[in-house]
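Novice: Position one of the sequence shown corresponds to residue 1 (the UniProt record's numbering), numbered consecutively onward. Just so you know, even glycine gets a beta-carbon here, dropped at the ideal spot from N, CA and C.
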Amino acid sequence: MVKLRRLIKSERGSVTAELAMSLPAVALVIAITLGAFSLQIERMKLVEVSATAARAVARGESEENARALITELFFPLAAESLLVEYEHRENVVCAKLSRRFALPGLEANLFDVAEVQCARKVGL
1 MVKLRRLIKS ERGSVTAELA MSLPAVALVI AITLGAFSLQ IERMKLVEVS ATAARAVARG
61 ESEENARALI TELFFPLAAE SLLVEYEHRE NVVCAKLSRR FALPGLEANL FDVAEVQCAR
121 KVGL
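Right, dumping it as structure tokens:
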């Protein structure tokens, strides 16, 4: 009888239960953090590529050549998934690259990441 009372009052196994309850929340926080890091990495890629495209067009290359350069820099990615826009201002050329992202496991494109970089026209 005394053993039975000790077993009932024992906290044995409570840590396992608490871990089982908190593990999904911890996994969700880690997944959201990794997703945010991957979006930031993709944004930094867009910064580099849009600056390269703006410099190419500012040097006098055609927009088609700049598009080929963008496709080369984003090689494994399909060129159709990137939206490229050029804006010719007085002394500068700006290139805007944008791309929609989805989180793994979700079908919808949730994030639109865009970057605008400008370069001064050559000879001015």
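(1) If you run the structure through DSSP and keep just helix, strand and coil, what is E61?
(2) Taking only the alpha-carbon atoms, compute the straight-line gap between L69 and A108 and give it to the nearest angstrom.
(3) Which residues bound the beta strand (DSSP E) around residue 135?
(4) Three-state secondary structure (DSSP) at V47?
(5) Any idea which residues DSSP pairs R120 with across the strands?
(6) Could you round the C-beta distance between A58 and K121 to whole angstroms and report it? I think they count as a contact, below 8 Å.
(7) Spatial neighbours of A53 within its chain, please: C-beta separation below 6 Å, excluding the five flanking residues on both sides.
Specialist: Considering the structure as presented:
(1) coil
(2) 29 Å
(3) For residue 135 there is no data in the structure shown, the boundaries of the chain being 1 and 124.
(4) helix
(5) V92
(6) 5 Å
(7) A66, I70 and A95
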